[in-house]
Amino acid sequence: MSKLVLVETISQHRMRYVVDVNDAGDPEWAVETVVLDQAKEMSQEHLGEVPVSYRVIDDAEYLRVFDEDNDYLRGWTPDQKRSLITVLDPDECGPDCIVPQGAAR
Numbered sequence: 166m167s168k169l170v171l172v173e174t175i176s177q178h179r180m181r182y183v184v185d186v187n188d189a190g191d192p193e194w195a196v197e198t199v200v201l202d203q204a205k206e207m208s209q210e211h212l213g214e215v216p217v218s219y220r221v222i223d224d225a226e227y228l229r230v231f232d233e234d235n236d237y238l239r240g241w242t243p244d245q246k247r248s249l250i251t252v253l254d255p256d257e258c259g260p261d262c263i264v265p266q267g268a269a270r
């Protein structure tokens with residue numbers, strides 16, 4: 166029997182900004198400008214996902230969490246909402262699939 170596992174992560178990005186501070190200015194003003202969201206982003210790089218928690222949930226909780234996180238999609242049918250579940254079947258995964266240690270292959 167399969168189980169639904171809700172995995173929560175933090176997505177990290179490295180952002181870069183360049184702030185032109187006049188000669189009389191303090192370079193730390195550049196940091197304050199960025200923190201106050203007043204600087205233009207020069208570049209960014211996605212550094213990956215850091216898992217913070219996971220738990221087994223049932224279908225009812227999946228649908229509840231889906232609606233809580235995606236209130237603009239409340240009108241979707243349950244089947245449409247379930248279409249966003251990633252199905253991991255080690256038997257049908259393919260040669261490039263990462264299968265957790267101890268799982269059947």
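This note's numbering numbers the first residue of the sequence shown as 166 and each following residue consecutively.
Beta carbons are placed, not taken as given, at the ideal position from N, Cα and C, and that holds for glycine.
I need the boundaries of the alpha helix (DSSP H) containing residue 245, first residue and last residue.
Locating residue 245 in the sequence shown gives position 80, counting from the first residue. 243-247 is the span of the alpha helix (DSSP H), which, as asked, contains residue 245.
Mind reading off the beta-carbon distance from residue 217 to residue 174? Whole number of angstroms is fine, and I expect it under 8 Å.
If you number the sequence shown from 1, residue 217 lands on position 52. If you number the sequence shown from 1, residue 174 lands on position 9. 6 Å between Cβ atoms; contact.
What residue does the alpha helix (DSSP H) around residue 228 start on, and which one ends it?
Along the sequence shown, one-based indexing puts residue 228 at 63. Its alpha helix (DSSP H) spans residues 224-234.
Tell me whether residue 199 sits in a helix, a strand or coil according to DSSP, three-state version.
The count along the sequence shown starts at 1 and reaches residue 199 at position 34. Reduced to three states, the DSSP call for residue 199 is helix.
For residue 192 and residue 233, the rounded distance between their alpha carbons
In the sequence shown, the residue the question calls residue 233 occupies position 68. In the sequence shown, the residue the question calls residue 192 occupies position 27. Straight-line Cα distance between these residues: approximately 43 Å.
Checking the sheet assignment: what are the DSSP bridge partners for residue 182?
The residue labelled residue 182 in the question sits at position 17 within the sequence shown. In DSSP, residue 182 forms a bridge with 206.
Work out the CA separation of residue 215 and residue 227 for me, nearest whole Å.
In the sequence shown, the residue the question calls residue 227 occupies position 62. In the sequence shown, the residue the question calls residue 215 occupies position 50. The straight-line gap from Cα to Cα measures roughly 21 Å.
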